[in-house]
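Protein sequences appear in the order of chains A and B.
Position one of the first sequence corresponds to residue 1 (the working numbering), numbered consecutively onward.
Position one of the second sequence corresponds to residue 1001 (the working numbering), numbered consecutively onward.
Even for Gly, the Cβ is constructed at its ideal location relative to N, Cα and C.
This report refers to the structure that appears directly beneath it.
Protein chains: 2
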Amino acid sequence: MKYAQKALLGDQLAGARLIRLLEEGTPEGIEELRHIYPHTGNAYLLGITGPPGAGKSTLVDRIISEFRSRGMKVGVIAIDPSSPFSGGAILGDRIRMQKHSSDEGVFVRSMATRGHLGGLSKATFEGALVLDAMGYDVVLIETVGVGQDEVEIVDLAHTTAVVSLPGMGDDIQAMKAGILEIGDVFIVNKADKVGADDVVRQLMTMLEMRERPAGAWIAPVLKTVAAQSIGIVELVDAFLAHRDHMKATGALERRIAERQDHFFRELVKQKAYEKILAALEGTESHEKLLRELREKKTDPYTAAEKLLENFTVCA
Amino acid sequence: MKYAQKALLGDQLAGARLIRLLEEGTPEGIEELRHIYPHTGNAYLLGITGPPGAGKSTLVDRIISEFRSRGMKVGVIAIDPSSPFSGGAILGDRIRMQKHSSDEGVFVRSMATRGHLGGLSKATFEGALVLDAMGYDVVLIETVGVGQDEVEIVDLAHTTAVVSLPGMGDDIQAMKAGILEIGDVFIVNKADKVGADDVVRQLMTMLEMRERPAGAWIAPVLKTVAAQSIGIVELVDAFLAHRDHMKATGALERRIAERQDHFFRELVKQKAYEKILAALEGTESHEKLLRELREKKTDPYTAAEKLLENFTVCA
């Protein structure tokens, strides 16, 4: 227990080391996480996503400042597309930290996990638990991307904000149908550029066309010019209004429970696999199976079933 | 076995239905996949990725035409960011099909799987198996995205091409460090636009700075103007040169084996979990565990270990 106790007291260095341990997936990290787990569940999880070039970094920077001016502490998890491969995340941390580095109420971590098995999702979830337990009121998760990451953020965040910008061509058009479903708040950044009102109008039209149950949240479309700090106060108001709505309707509680269940299931799978492997790896029957698989004498489905025959559950 | 036999004879309707079955994760789909599995392993898997607005759809269209003019049949899996939510994938298929719809040597499928657990990756892998078994010489996998999807494509494809475009701002700059590691061929599309040579130069400088073992593939940076079919012949030459290099060095064989192992491991995990759940769900001890988890009387790691105690492997 090298880091958990210090992290719970808000020690940023300890928090950073703990998150690194969790990313590495070491047993030590998990021991530490057991210790902090009871202290989680208080933070507001805010996801911000959108395509490259939308100015998310500047926007996040301004949002942090606005939360700070309201007396809220902010932890940030930046999911950096360069991170899985190149250590770019660490550079990203440094750049992002500069502005708020003298502020103890802000803590920024970039995620550097190359995740096969929902690894990014797992690391993000665990990182958010740490920031939550450290006492940050807001945990802001930023991704650059329009693919799978975005979907996983939705599963994790209490509020998901989707950033668009004027004039991004056909791809953004194609994207819209998808992002409509995941956004709780829509942001048209760089709203001083030509075409901003067109994007706002398109988004609103598409949002209006959706079926919405009575009493459901009405996702607002807000214009910002992050570089000039325009529209940021209204944006943070909208985030908190969504949070309050989620709380009032019980949707927040449900979302948290679902995410926990999902995380638990993934852990069970991983551990079941480890147990099977620990028992079978190196045995002759297991080697034979792998060989047949490689030689296409069997298919992966049949082989997996065969493997599982060695395996009993006692209720 | 409704579709496998027909799909193996190249029937596109049967192939489409089979892929849909696999996306749904039904046992029927898996039965069919068992049947086609021995017929896989011949296709060249080409991944194309890059941010929104890079003109990937047009580029893919021209690449298909070039492969066709060389007498190669092309299957395409388009991973559509709108697809997880909105059925946009189906629309995407129609649009993309129009051009090549009278050509029996081209088959385009969009993936519409919202994948929690590497679900997208699983569906893409299985879709590629189907197209492979159907006899397509090239299976082209297209994603819009700069995040996790891209990483998963690398695991699957034999050659990964990364598309950039002139003047995309800071995000693309940040992205570069990451894409450098995954790209086998770099494409600067819309190369008639201002700034194209800058992007080429930046990419080449960064590529030259990397450490590269002796004999390793030297990733080329190629300019294209897809809308005018400029640079496409050279691009397809570069793809095939990379494939030949991978074959000659044994890297192709290793990559295929790794991917198969990974897929097999995932299947084992999934099936182990299903077996545990089938035995325990509804039992009192299991309900108690879930309740304690919800009430934070235990943490997910401890709970997963407890669950796994009920579980024996006989070698």
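- Under the Cβ criterion of 8 angstroms, P51 (chain A) is counted among the residues facing chain B.
- For the stretch 1283 to 1295 of chain B, the set of positions with a beta-carbon nearer than 7 angstroms to some beta-carbon of chain A reads T1283, L1293, R1294 in chain order.
- For D237 (chain A), same chain residues with a beta-carbon under 6 angstroms away, outside a window of 5 residues either side, do not exist.
- Less than 8 angstroms separates the beta-carbon of L1046 (chain B) from that of V1138 (chain B).
- Partner residues in a beta bridge of Y1037 (chain B), as assigned by DSSP, do not exist.
- Taking all protein chains shown into account, G50 (chain A) has 16 or more neighbouring C-beta atoms within 10 Å of its C-beta and is therefore buried.
- Using beta-carbon distances, F264 (chain A) counts as an interface residue toward chain B, with a partner under 8 angstroms.
- At a cut-off of 8 angstroms between beta carbons, R1034 (chain B) contacts chain A.
- Looking at the DSSP output, K223 (chain A) sits in a beta bridge with A:V188.
- With at least 16 other beta carbons inside 10 angstroms of its own, V1225 (chain B) counts as buried.
- DSSP places T1298 (chain B) outside both helix and strand once states are collapsed to three, so it counts as coil.
- DSSP, reduced to helix, strand and coil, places A216 (chain A) outside both helices and strands of the structure shown, so it counts as coil.
- The beta-carbon of E1104 (chain B) is placed no less than 8 angstroms from the nearest beta-carbon of chain A.
- Annotation for S1065 (chain B): the continuous alpha helix (DSSP H) segment containing it runs 1056 to 1069.
- For the 8 angstroms CB-CB criterion, E142 (chain A) and I79 (chain A) form a contact.
- Within the stretch 295 to 307 of chain A, K296, D299, P300, Y301, T302, A303, A304, E305, L307 place their CB atoms closer than 8 angstroms to a CB of chain B, listed in sequence order.
- Each residue's CA atom was taken as its position, placing I1218 (chain B) and H1245 (chain B) some 10 angstroms apart.
- According to DSSP, residue pairing for V106 (chain A) in a beta bridge involves A:V74.
- Contacts between P1038 (chain B) and chain A, judged by CB atoms closer than 7 angstroms, involve K296 in chain order.
- DSSP places T1124 (chain B) in the helix class (H, G or I) of the three-state scheme.
- Note that the C-beta distance between H1242 (chain B) and D1198 (chain B) is not below 8 angstroms.
- If the five residues before and after S229 (chain A) are omitted, its C-beta is found closer than 7 angstroms to the C-beta atoms of R62, all from its own chain and listed in chain order.
- One alpha carbon belongs to D155 (chain A), the other to L1022 (chain B), and they sit about 24 angstroms apart.
- Spanning the alpha carbons of T1302 (chain B) and Q270 (chain A) requires a straight line of approximately 13 angstroms.
- Among the CB atoms of chain B, none fall inside 8 angstroms of the CB of A7 (chain A).
- At the C-beta level, H1158 (chain B) and L1267 (chain B) stay beyond 8 angstroms of one another.
- If you check the CB distance, G1029 (chain B) and L1018 (chain B) come in under 8 angstroms.
- In the DSSP assignment, T49 (chain A) is bridged to A:T143, A:V162.
- Spatial neighbours of R1212 (chain B) in its own chain (CB-CB distance under 8 angstroms, excluding positions within 5 residues in sequence) are listed in chain order as I1218.
- Under the 8 angstroms criterion on CB atoms, F1311 (chain B) is classed as interfacial with respect to chain A.
- Cβ neighbours of H1035 (chain B) within its own chain (closer than 7 angstroms, five residues either side excluded): M1001, A1004.
- For Y1273 (chain B), the chain A residues whose Cβ falls inside 8 angstroms of its Cβ are R265, V268, K269, A272, in order along the chain.
- Taking V233 (chain A) as the centre and dropping the five residues before and after it, the same chain places the C-beta of E66 closer than 7 angstroms to its C-beta, in chain order.
- Rounded to the nearest whole angstrom, the CA to CA distance from E1287 (chain B) to E31 (chain A) is 24 angstroms.
- Collapsing the DSSP output to three states places T1283 (chain B) in coil.
- One finds Y1301 in chain B with Cβ atoms closer than 7 angstroms to the Cβ of I30 (chain A), taken in chain order.
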